[in-house]
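Single-structure report; data block below.
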Amino acid sequence: MNEDNIFFIIFFVLFMLILQILLRYFLSHKKLHIKKVFSQSFKQILIMVPVLFLFMIFFSNNHWFSLIVTAVMLFLIIISSIYNSVKKRDSIKRYLYSILVYIPLFMMNFFQDNPIVINILAFIPLPMAVFYFVFLYRYPFYSQYWVEGSIDEILSQVEKGCGYSPKPITVFKSTGKRFITGCRGLKIMFREEKTIVRMSRKYHKACGSPNLKEFSDRITEKIIERYRGEADE
Amino acid sequence: MIDLIKVMSSERFFEVTEYLKLNPNVNASSISSNLNIHIITVQRYLEVLEKYGFVSSREKRGIGRPSKTYAFLGGKFTLDIDELLNEYSLRNQKIREKENHDISYNYDIDNESIKQVIIGGRKGTKVELEDKSGKFLWMLPPPDSDGESIEKLASQSGMAVLDAVKFVRDMIEIGVMEVCSDE
């Protein structure tokens, strides 16, 4: 490993860390506490960087294997997008977006001998990603960071030490539009007339075992308020 | 009791009962093909009749899956309106899910319905639920909530009130639900 490579790695890690911090800070609309922003970003980098390096080392020695893995990943992304669109779990636009962003990135692996194609494929998702971050800032209820920040606010207002249910909770309020949002451990599915909230047991415990009914009602209301532009932010 | 009243009010119930009386030891499939009634309907009639002791069944083993043959026994049916009214009066009881670490669910998030209640971990006993019962359980408020009345949950899931009361009793027995308070 020469000096250039070491500088590139340091630059890459620092860039990713700053990007993670900025994304969390701005996409949560400053709702996430700054300590949480830093700790989550550091944790993310600590996991992401070693995993990326392991993949790089492994794939650089197994070209055919990397092609097979890429093809399988592409297939799974397309199939899951089609399945979720058919089931009407979210808007088709969001699935199309994920296909347009991930496919060029995965396709890069097939053209390792052609740097021009690789450059083109690397730049296709860039405007899409920028557009997506602007979109998430404008409509923050789609962003997991904003949802997490809102949860922190709600948790201080609901009863704690309550029982858990492995069954999703139905809230008879909705935005009138189908979409899925949430964060790790919490899935919120908006449907035409109701909302379904599903919390994992681990997340429920980590949040101090909140009253599930009260929590589901409040988080749904908060998202609906923001969706209608009624929230004071 | 309500299940018996329901099947008795079905159009072809007495046709099936008469056929069984005249032709003992036949199976549901044979009744279905001879009377041209859907086998599910025949099976439902026979299950209810057997539950109240009006028919007896015997399992016949041979090549392939074992089949059940039925014989008509007859008997009396007394309608206890007081018992029905007692059950009906429970419709205003508020119920909610009971926290139970031994219970898990197998559910369909797209159809908003619980398909199975699993008691005692992944390899535990599985209780299959009908569509309406599954929807009723799906709507059930979580533990520590204020609960919801049986009548309201029944109307939301399209279930008859008396069926819902019976279902709630069964679920309380296995530790899935609990009563909060009377309205």
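So the sequence lines, in the order shown, correspond to chains D and H.
According to our numbering, the first sequence is numbered sequentially starting from 1030.
According to our numbering, the second sequence is numbered sequentially starting from 105.
Virtual Cβ for every residue (Gly too), placed ideally from N, Cα, C.
Cβ pair residue i, residue j closer than 7 Å
i                       : j                       : result
residue 261 of chain H  : residue 240 of chain H  : yes
residue 170 of chain H  : residue 201 of chain H  : no
residue 108 of chain H  : residue 152 of chain H  : yes
residue 289 of chain H  : residue 185 of chain H  : With chain H covering 105 to 287 only, the question about residue 289 of chain H has no answer from this structure.
residue 1042 of chain D : residue 1080 of chain D : no
residue 1133 of chain D : residue 1154 of chain D : yes
residue 971 of chain D  : residue 1216 of chain D : Because chain D spans 1030 through 1262 in this model, residue 971 of chain D falls outside it and cannot be assessed.
residue 1086 of chain D : residue 1046 of chain D : no
residue 1199 of chain D : residue 1223 of chain D : yes
residue 1210 of chain D : residue 1166 of chain D : no
residue 163 of chain H  : residue 172 of chain H  : yes
residue 251 of chain H  : residue 245 of chain H  : yes
residue 1136 of chain D : residue 1150 of chain D : yes
residue 82 of chain H   : residue 191 of chain H  : Look at the range of chain H in this structure, 105 to 287, and you will see that residue 82 of chain H is not part of it.
residue 1229 of chain D : residue 1191 of chain D : no
residue 1244 of chain D : residue 1163 of chain D : no
residue 146 of chain H  : residue 160 of chain H  : no
residue 1121 of chain D : residue 1114 of chain D : yes
residue 214 of chain H  : residue 1202 of chain D : no
Proximal chain D residues relative to residue i, where beta-carbon distance stays under 9 Å
i                      : result
residue 259 of chain H : By Cβ distance, chain D contributes nothing, its closest Cβ being about 13 Å from residue 259 of chain H, past 9 Å.
Chain H within 7 Å of residue i, Cβ atoms only
i                       : result
residue 1113 of chain D : no
residue 1234 of chain D : no
residue 1231 of chain D : no
residue 1198 of chain D : yes
residue 1252 of chain D : no
Cutoff 7 Å: residue i Cβ touching any chain D Cβ
i                      : result
residue 201 of chain H : yes
residue 249 of chain H : yes
residue 209 of chain H : yes
residue 281 of chain H : no
residue 287 of chain H : Low per-residue confidence applies at residue 287 of chain H: pLDDT is 47, beneath 50, and the placement is therefore not dependable, though the value from the model is reported in the following sentence. Output row for residue 287 of chain H: interface = no.
Chain H contact residues for residue i, given Cβ-Cβ distances below 8 Å
i                       : result
residue 1215 of chain D : Within chain H, no residue comes near residue 1215 of chain D; the closest Cβ sits about 14 Å away, beyond 8 Å.
residue 1108 of chain D : Residues of chain H passing the Cβ test: none, with the nearest at roughly 17 Å.
residue 1225 of chain D : 213 and 216
Proximal chain H residues relative to residue i, where beta-carbon distance stays under 7 Å
i                       : result
residue 1014 of chain D : Only positions 1030 to 1262 of chain D appear in the structure, and residue 1014 of chain D is not among them; the question remains open.
residue 1116 of chain D : 214
Cut-off 8 Å between Cβ atoms - residues of its own chain near residue i, not counting five sequence neighbours on either side
i                       : result
residue 287 of chain H  : Confidence at residue 287 of chain H is low in this model, with a pLDDT of 47, below 50, so its placement is unreliable and no value can be given for it.
residue 119 of chain H  : 139 and 141
residue 1242 of chain D : 1198
Cβ-based neighbour list, residue i, same chain, cut-off 7 Å, excluding 5 preceding and 5 following
i                       : result
residue 1175 of chain D : 1056, 1057, 1058, 1060 and 1169
residue 1179 of chain D : 1060, 1248 and 1251
residue 149 of chain H  : 111, 117 and 120
residue 1256 of chain D : 1170 and 1204
residue 272 of chain H  : 199, 254 and 281
Contacting residues, own chain, Cβ-Cβ under 6 Å from residue i (five flanking each side not counted)
i                      : result
residue 194 of chain H : 269
residue 231 of chain H : 221
residue 283 of chain H : 197 and 199
residue 128 of chain H : 175
residue 210 of chain H : 219 and 220
Closer than 7 Å, Cβ to Cβ, to anything on chain H: give me those residues from the stretch 1178-1194 of chain D, in chain order. 1191, 1192, 1193 and 1194
Going along the stretch 203-236 of chain H in order, which residues come within less than 8 Å of chain D, judged by CB to CB distance? 203, 207, 208, 209, 211, 213, 214, 216 and 218
Of the residues that make up the stretch 1121-1144 of chain D, which ones have a beta carbon closer than 9 Å to any beta carbon in chain H? none
The stretch 1034-1063 of chain D: positions lying closer than 8 Å to chain H by Cβ: none
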